[in-house]
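Asks: What follows is a single structure, and I will ask about it in a moment.
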Amino acid sequence: MFQQKLKLYDIGSNQSSSSSSISSTTISIPNELKLCVATKRRSLVFYRWLPQQKRLEENKDLRGAFDLIDVPRALALSREKICIGYRRSYVIMSLITGMIINELTFTTVHEPVITCLQDRTQWCIQMESNTVFLNSNFEPLYENGITWKDIPSAIVQASPYVLALMNQSIDVCTFNGSQSVPVQQIPHKGSTTAGKCRLWMDARTERIYAATPTDVTILEPIPVHIQLQNYVGRYRYDLALILVRAVLGISVSSPLNEQSRTNDGHAKGKIDISALPKQVIFENNEQSSNKSSASGSIIRQPSLINEPFHNNQKLTDTELWTEYYRVGTMDAFQLFHKQQFEQAFAEFNDFLTDPTEIISLFAPLSANVWLTNSYNELNEFVKQHRHFAEPNDFVGVKFENALHELQRYLTDLRRVFQTIFRRSPDSWLEVQSLVRNRLILKPVHDLLIVVETALLKAYLIDNNNTLANALLRNQDNSCLPSEVEKELKKHHRRQELVSFYEKHNRHSEALELITNTESLSTRENILNYLSKLDSNQLPLIFKYIEPMIKSALKEINNENILHDILILFVGESTPTSPSPPTIDTSNIGTIKLNPIEVYGFLKEINQDFAIKYLETICLKPELGSKQRDIHNRLVYAYCDRIKQLSNVFKPMIKAKQRAINDKQQNTYEDNDVLATQSSAVNVEDYSAISSIKKQKTDYENKLKFFLLNQNCQCDFDKLEAYFLQEQNDTSNEHLFSLHYAIVLGKLGRHELALETFVKNGFYTDAERYCETMYSNGNIQLAHDLYRRLIEFYLKKSNDGNLNENSLKTILRIVNNASERLDPVQTLEILPGQLKLNNLKDFIEHALQTCSTNKRSSQLERNLLFLTLLRTQSKRISSENHSYIIDADSTCARTGCTQPFTATQAV
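Going by UniProt numbering, the sequence shown opens with residue 1, and the numbers climb by one from there.
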């Protein structure tokens, strides 16, 4: 299989080599040696050899203690057990009891082979062409054994190798417990007859002896570092990797997390991290800061196996682990060169290969600004080592296969780096560099940036929209922003580019992209994006929402779009209207935008829409100190809008009145023509006038209800001055008399408020105001207000004679408010001309109310008297249980001897 210089074992002469080796080795002699001999009589004889006395004794206690089923053909003796090989089975028996513990049979007739392992409690046996390793209970040690091409006559285990003696050769393979790999076949001058050759190992000196009918030879292993030199020199990284794995006892089938990194993320093998060079890939998440690579010269670390001091020394475990990662990485790159992508990426993951160098194998992913240094370094290295793969732009199926394997590799690596980064963000991890031929340290954050950026590029090249969008949506992704933007533009992924701009607070670019892209420039998309902004981006919001508002106001059915725009400014899905007297403020959203600036912006566009905005936010408690200002602004906005509508409404009324007068004066000969023209004019005028009147009435009612609302926090002193000024303005014709009266009532000037109500003809509101005072618990005030109201109606009559309308009004008030009026005061002020029959209902209700109040007072008096009696009873009981404290501070209670201080007594 190999050339002579690469073979694992040399065959030395039977005299010189052995004698020199024995003379140079000190062997400790045991105190006792147990021997077992099988006789032809199917019996076992046990002896004990005493080296110091040079005497052989038979152990007669064990004579005849074992029943053999056949003539033994192989024996192996341990401390407490003996393994016997027959022609078709293996039997293990206890030396203490002589009973059979276990038996294993085989079908092919061959000489049994039993080899006792180094610790004398384990065996390996030959089952046909398979070598099976057993423990002391005759149970398999490993999942798999070793399968040979032929049935060996002897087996020797010298870790990491297992040697099998065949008829014409000694076969050597590595075995790590799960996989065996043949590595050498050493010919010998043996007999073709089976069973004429022997192979064994001295457990103390670890020498292996091979005996043939003509020679006895010693097999000596070539040092591991020399074997590695030979393998690496011939570019047989696969064989070098097998050797290192066997020496370290690493199973090929072991999971990655048990092979490559420890629980804290570092490489296995107790590698000294302080001796490894550090390399930063990115500074400030931008370009590479590796100055050594930028200089153009690549510093390649020589291998440990080529150093002179290792010629006669064994490699330490740390050095073996270093060679393990180095050789494994070179083997992985060689497999990639052979386009065995699945196995190559598995080894990249297994041997901690630097992901920047792996990504550099793909020109579309790395031949840009972000990994230019690594790409150039790998190109330069490959030119000097043609047995490795250079970066290439694959095409067709090969590229797809390589890209899919790269995605799986980067996904696994990302999961590992994320776990480490969450636990320790500032940690440095070991990665094996092919170019520098050594382990180096890189920040885990930089590695995560490289992996996630390359993964996004791979997804976009592969048109894997689902995974690309999932990676971009992750707020914690570490993708390099400059590369993300470049790739999204390259692949025309405008929706993802908008999300990218949003994440990095580049809102102006995002909105410009939305408006300039036909598929994205819808009102819903623009509103959805603007709703994510806050007060810091108010100018940007105003810039893009203004044309939308103006366009919507010109449309006929614009309720939905205006509602959506309102939601944008308010921050909730259901606008809150202040029109009802009481408003539920339990389910309200949060105001993100400055309401003062928003109102000023909307007022310049459309005053009605601005008022609607104030109506929506006015009762939100999160306004805080701004609430009073917002309430005042809403009142002033209502008043301004009412005055505007009034100024439009009054000329239209006057013009209509003049037109009616002119038509009455003019005479037309054709009565049909007159009727047709007047009908058309009346319909148009009436429609315009009724529309404006309806708007004006609506705003007056809204202002009224808002002022009456208990949650209204207006500055009523300012409003009083404002409305008083408006009252004195003759051009307004008492537009705000009702609202002025409401403000006076809020300020506690109830009599003036009532007077204002009735002077301006708001009689129903005056009655309702009196009822409100009574409902609020101000009984005496309500009585006085009702009396003033009745007196006002009495003063309206001429010379004390009531007209029919005034009489009906007074009777209606008296009958409806009989429970809220003082009967005596009311009867005193009522005129004598009222008939008793008209006051029948009032008197009945008044008597009933007085009777009810009397019963309630009596019941309350009785309850108070009972409470007084109960209190006196408790006082008397307490006095009967009182005790006197004498001068000696001793309790006067009978049987009590406990003294207490004056403080305790108090």
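Idealized CB from N, CA, C, for every residue including glycine.
Would you report the Cα separation of Asn463 and Leu527, rounded to the nearest angstrom?
Replies: Each residue's Cα considered, the two are about 29 Å apart.
Asks: For His385, which option in Asn349, Tyr409, Gln334 and Lys489 has the closest C-alpha, if you only look at C-alpha atoms?
Replies: Closest by alpha carbon: Gln334.
Asks: Alpha carbon to alpha carbon, how far is Leu460 from Arg245?
Replies: Straight-line Cα distance between these residues: approximately 38 Å.
Asks: Counting only the same chain and skipping the five closest in sequence on each side, list residues whose C-beta sits under 8 Å from that of Glu206.
Replies: Counting only Cβ-Cβ distances below 8 Å, and skipping sequence neighbours, we find Ala158.
Asks: Give the DSSP bridge partners of Ala211, in chain order.
Replies: Partner(s): Arg198 and Val216.
Asks: Leaving out five residues before and five after Lys592 in sequence, what residues of the same chain have Cβ atoms less than 7 Å from its Cβ?
Replies: The answer, listed in chain order, is Asp534, Ser535 and Gly571.
Asks: From what residue to what residue does the beta strand (DSSP E) around Tyr47 run?
Replies: Start and end: Leu44 to Leu50.
Asks: Scan the segment 437–521 and note each continuous beta strand (DSSP E) run of 3 residues or more that stays entirely inside, going in chain order.
Replies: Whole beta strand (DSSP E) segments, 3+ residues: 438–443.
Asks: Along the chain, where does the alpha helix (DSSP H) that runs through Tyr774 open and close?
Replies: From DSSP, the alpha helix (DSSP H) with Tyr774 extends over Tyr763 to Ser775.
Asks: Mind checking Cys124: buried by the 16 CB within 10 Å criterion, or exposed?
Replies: That one is buried.
Asks: What residue range does the beta strand (DSSP E) around Lys81 cover?
Replies: From DSSP, the beta strand (DSSP E) with Lys81 extends over Lys81 to Gly85.
Asks: What three-state label does DSSP hand Leu35 in the structure shown?
Replies: Note: Leu35 maps to strand in three-state DSSP.
Asks: Quick check: the Cα distance between Thr697 and Val598, rounded to an integer number of angstroms?
Replies: Approximately 26 Å between the Cα atoms of the pair.
Asks: How would you call Gln475, buried or exposed, if buried means at least 16 neighbouring beta carbons within 10 angstroms?
Replies: Label assigned to Gln475: exposed.
Asks: Which ranges does the beta strand (DSSP E) cover as unbroken runs of at least 3 residues, wholly within the segment 218–253, from first to last along the chain?
Replies: Whole beta strand (DSSP E) segments, 3+ residues: zero.
Asks: On the three-state DSSP scale, how would you describe Leu752?
Replies: Leu752: helix per DSSP, three-state reduction.
Asks: For Trp428, report the span of its beta strand (DSSP E) as first-last.
Replies: Note, Trp428: beta strand (DSSP E), Trp428 to Ser433.
Asks: Quick one: measure Cβ to Cβ for Ile742 and Lys795, integer angstroms, because I've assumed they're closer than 8 Å.
Replies: About 23 Å; that fails the 8 Å criterion.
Asks: Can you list, in chain order, the residues of its chain whose CB lies under 6 Å from that of Asp564, leaving out five sequence neighbours each side?
Replies: These residues qualify, in order along the chain: Leu527.
Asks: Does any residue of chain D bring its CB to less than 7 Å from the CB of Thr205?
Replies: Considering every chain present, this structure includes no chain D. It has just one protein chain.
Asks: Spatial neighbours of Leu634 within its chain, please: C-beta separation below 6 Å, excluding the five flanking residues on both sides.
Replies: Contacts found: Leu614 and Cys618.
Asks: Got a sec, what are the start and stop residues for the alpha helix (DSSP H) residue 907 sits in?
Replies: This structure leaves residue 907 out entirely; the chain is present only between 1 and 906.
Asks: If I measure Cβ to Cβ from Leu320 and keep anything under 7 Å in the same chain, skipping five residues before and after, which residues do I get?
Replies: Hits under 7 Å: Val244, Val247 and Leu248.
Asks: What does a CB cutoff of less than 7 Å around Leu488 pick up in its chain, not counting 5 residues either side in sequence?
Replies: Excluding sequence neighbours, Leu488 sits near Glu496, Leu497 and Phe500.
Asks: To the nearest angstrom, how far is the alpha carbon of Ser508 from that of Tyr544?
Replies: So the alpha carbons of these two residues sit roughly 10 Å apart.
Asks: Under 8 Å by Cβ, that's how I've got Ser153 and Cys197 pegged, so tell me the actual separation to the nearest angstrom.
Replies: Contact holds; Cβ gap of about 6 Å.
Asks: Taking all protein chains shown into account, do 16 or more other C-beta atoms lie within 10 angstroms of the C-beta of Ala610, making it buried, or fewer, making it exposed?
Replies: When all chains shown are included, Ala610 counts as buried.
Asks: For the segment 620–628 against the segment 646–655, do three or more pairs of beta-carbon atoms, one drawn from each stretch, fall closer than 8 Å, so that the two count as touching?
Replies: These segments do not touch.
Asks: By the 10 Å Cβ neighbour count, where 16 or more other Cβ atoms means buried, how is Ala680 classified, buried or exposed?
Replies: Bear in mind that the predicted position of Ala680 carries a pLDDT of just 47, short of 50, making it unreliable; the figure below should be weighed with that in mind. Ala680 should be labelled exposed.
Asks: Whole angstroms is fine: what's the gap from Leu455's alpha carbon to Ser178's?
Replies: Going from the Cα of Leu455 to the Cα of Ser178 covers about 34 Å.
Asks: Under a Cβ-count criterion, where at least 16 other Cβ atoms within 10 Å of its own Cβ denotes burial, should Arg326 be classed as buried or exposed?
Replies: By the 10 Å Cβ count, Arg326 comes out buried.
Asks: In three-state DSSP terms, what is Phe175?
Replies: Of the three classes helix, strand and coil, the one that applies to Phe175 here is strand, per DSSP.
Asks: Can you grab the Cα-Cα spacing for the pair Glu720 / Leu708, in whole Å?
Replies: Distance between the alpha carbons of Glu720 and Leu708 is about 14 Å.
Asks: What is the C-beta distance between Asn130 and Thr147, in whole angstroms, given that I count them as a contact (C-beta under 8 Å)?
Replies: That pair is a contact at about 5 Å.
Asks: Specify, as a first and last residue, the run of the alpha helix (DSSP H) that Thr616 falls within.
Replies: Here the alpha helix (DSSP H) through Thr616 covers Gln607 to Ile617.
Asks: Whose C-alpha, out of Glu751, Thr764 and Gly761, is nearest the C-alpha of Arg787?
Replies: For the residues Glu751, Thr764 and Gly761, the minimum Cα distance to Arg787 belongs to Glu751.
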